[in-house]
Each structure stands twice: as structure tokens, then as C-alpha cells.
Ligand code: EPU
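Numbering (our numbering), first residue to last: 3 to 337.
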């Protein structure tokens, strides 16, 4: 393992922000990880653990050590579970699952990022979340240098949430994840947009691959491809508000969409709130709000992370003043 100096992070974050890492290490094995944490030179430095770089916004150069997790491998185990190393690309894993006769993650096609970071924010799309197929994970405990196993319940998954964003924040590096995938061929097409694509192709009993293709086409039509336009997917979480507050909003905005949560709460699409606040498609110099999905902030090339962060704060203020709703940023802001 080599530790490089003054490395541009541009290829390592999907926002395409050109910040520099003072030190940069690519971890290809567990022993690499132990070696790096045993190096006195690096012990005291701030560290940034990087997976696919698809959920971060770099606001300045990083004056510490960036640890890029590049552990590879996908294997079907004899107990029927599938073990995937943290550095595997998420979408490649979805394609692998389809090729090998599994189903369960086709709705999560084309989500940027790596398998090892997927549990951190319990990735989700079109009615399915990672937690629905997650068995357990192995994580390197930085302080003790031991490997600990976290079961599904121990991860405390929620909507774009896990224990690794809260009480265990910064304590662990995820090494591998085990999945419990089905091979029944059953699919989940409750989400209207998927049904619409399938109907347009006259597909009646869709296979998991056909659902995956539908999801890919929906995402490609709505969401910018990070290879072409820098972005980190949804920048904000969809806010959960009281049903009573929602009813009041509905009196004013007849078309306000919502997803039911429970008897007292509903989730409101942040994209709708941002659009109604007038930000959709806004371009400021070389960054802005995506024209097809207001939940996605974009870097058209050469933007500064801090400018995008300031834009995000302005959007938060607008939505707060128009709807009295606070939007939480989903993306990790690295200041
Ligand atoms: N909407 C607008 N204006 C917009 C965007 C959306 O009015 O600019 C409205 C749409 O009309 C629709 C509703 O908002 O009624 C929902 O939009 P969409 O189906 O695009 O989903 P979302 O709630 O905006 C969430 C996830 C996405 C995921 C989709 C599909 C979050 C924060 N985002 O978005 O996840 O792909 O559902 O399941 O939960 C991601 O996390 O990076 C991501 C893209």
C-alpha cells in the first residue's frame, strides 16, 4: 500500500469538486487498514473515509489523510447469503445479483456509491430500502482495531439513517456486508413510476431484470448522471411533518404530494417544496439546482463546494420561510 501526497479528490467524489487531500491511501486489504492505523505519522491527522464519494460535498482542501476503501469481492455463501466487500460498486452488485438469479435489490438499480457506504444511510428507492435485504456487516473498530459484526437491528436503520450516522459516527469502517437476497423472481412494483414504464412496454409479469431496466430508465430521465454533471443525488431528506400541519398546508396548496408514515405523520417530497420556493432549475455561475429534480444540487464544472453549501443553506431558509419546514441535508458536508 502506498500513501500518496497532495492528491486531487476530483475523481473520487461524484460532485466532481476539485479539492486536494494532503495524504491519500488506497486500502485493498484488511492488513492495509491495520498498517495505516499503526503508522505514527498518520495517527494524529484528521481522517476522511471514502467509499464511492457519492454522498459528500467537499468544501475545502483536506489537510489530513483520506482513506479510500477499495476492498473487492462478491461471493455467494453456502448458507444462501451473499457477502460483498465494501469497495464494490453498488450498481455492479445489483447487476451481479440479477445475473446470478437473485431478486430484491432491482429497485435499487443505478444508485451511485459503494456497497460499504450503502448501510450508513440505508439507501433506498422506489419502495425498497437496503435494510429489507440486509443481514449483517463486518466493521473495523478504529479504536480497538478489532472487527465487529452488526446485525440488522444493531444497525438501527431508519429513513436514510443508521447507527453509523449517530451514536457510532466516526468509530467504524465498514469492511463487508452480507445480504439475504431471494431467488423467487418476485418483484415490487408498487411505485407508480415503475408501473407506468412497464405498462408503456406492455410488460405484464415483469422479471427482476425488467424492473431494474425500468428503474434505470426512470433514474436516467430524472436524475443527472454524475459522470456528466457533478451531483450527490438527493441533497436533502424528505421531511416528516405532523399530519395536522400537513392538513393546514393542503388547504393552501391543493396539489401538495405526501407519503403516509403513520397515524400522525406524513413525509413531504423536499423536491416539491424546493420547486414551489422557486429554486428548480436555478443556475448560479457553474452550479445550481437540477432542472428535472429540485432535490438535486449540481456542479456544472469547476464549482466550489462551499458555494454549493451556501446555496443549500439558502434553500433551507426559503423552504423554512415559505412552509415553516426545516429541510435536513442528506449529503455529508466536509468543511
Ligand atoms: N417533485 C416535485 N418537484 C421536483 C421533484 C419532485 O414536485 O423537482 C415531486 C414529484 O412530483 C413527486 C414527488 O415530488 O410527486 C416525489 O418525487 P420523486 O419520485 O422523484 O422522489 P423523491 O421523493 O423526490 C426519493 C428519494 C430518491 C429516490 C426517489 C424514488 C429521498 C431524499 N430521495 O426522492 O433518492 O430515487 O424517492 O424512490 O428520499 C437519493 O437518495 O439520492 C435519491 C435520488
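Note that beta-carbon positions come from the ideal geometry of N, C-alpha and C, so glycine has one too. All figures in this text were calculated on a predicted structure; none of them were measured in a lab.
Residue i versus residue j - alpha carbon distance
i           : j           : result
residue 11  : residue 148 : 29 Å
residue 282 : residue 331 : 17 Å
residue 5   : residue 44  : 10 Å
residue 277 : residue 317 : 10 Å
residue 167 : residue 122 : 6 Å
residue 309 : residue 174 : 30 Å
residue 9   : residue 290 : 26 Å
Same chain, Cβ closer than 6 Å to residue i, five either side skipped, listed in chain order
i           : result
residue 294 : 224
residue 131 : 124
residue 70  : 28 and 52
residue 106 : 135, 183 and 184
residue 87  : 73, 74, 75 and 178
Proximity test, residue i beta-carbon vs the ligand EPU heavy atom, cut-off 8 Å
i           : result
residue 255 : no
residue 259 : yes
residue 312 : no
residue 295 : yes
residue 98  : no
residue 236 : yes
residue 141 : no
Residue i in three-state terms, based on DSSP
i           : result
residue 342 : A question about residue 342 goes unanswered here, because the residues of the chain that appear run from 3 up to 337.
residue 81  : coil
residue 93  : helix
residue 87  : strand
residue 180 : strand
residue 170 : coil
residue 126 : strand
residue 232 : strand
residue 225 : coil
residue 64  : strand
residue 197 : helix
residue 238 : strand
residue 153 : strand
Chain-order list of residues whose beta-carbon lies under 7 Å from that of residue i (same chain, five-residue window excluded)
i          : result
residue 89 : 71, 72, 73, 74, 116 and 118
Practice task
Report yes or no: do the stretch 90 to 99 and the stretch 112 to 130 share at least 3 C-beta pairs separated by less than 8 Å?
Solution key: Counting Cβ pairs under 8 Å, three or more are found: they touch.
Exercise for the section: Could you tell me whether the stretch 11 to 21 touches the stretch 290 to 306, where touching means 3 or more Cβ pairs closer than 8 Å? Expected result: yes
Practice task
Taking 8 Å as the threshold, find out whether the stretch 231 to 246 comes into contact with the stretch 258 to 274 through three or more Cβ pairs.
Solution key: yes
Exercise for the section: Check whether the stretch 39 to 54 touches the stretch 67 to 84, taking contact to mean three or more Cβ pairs, one atom from each stretch, closer than 8 Å. Expected result: yes
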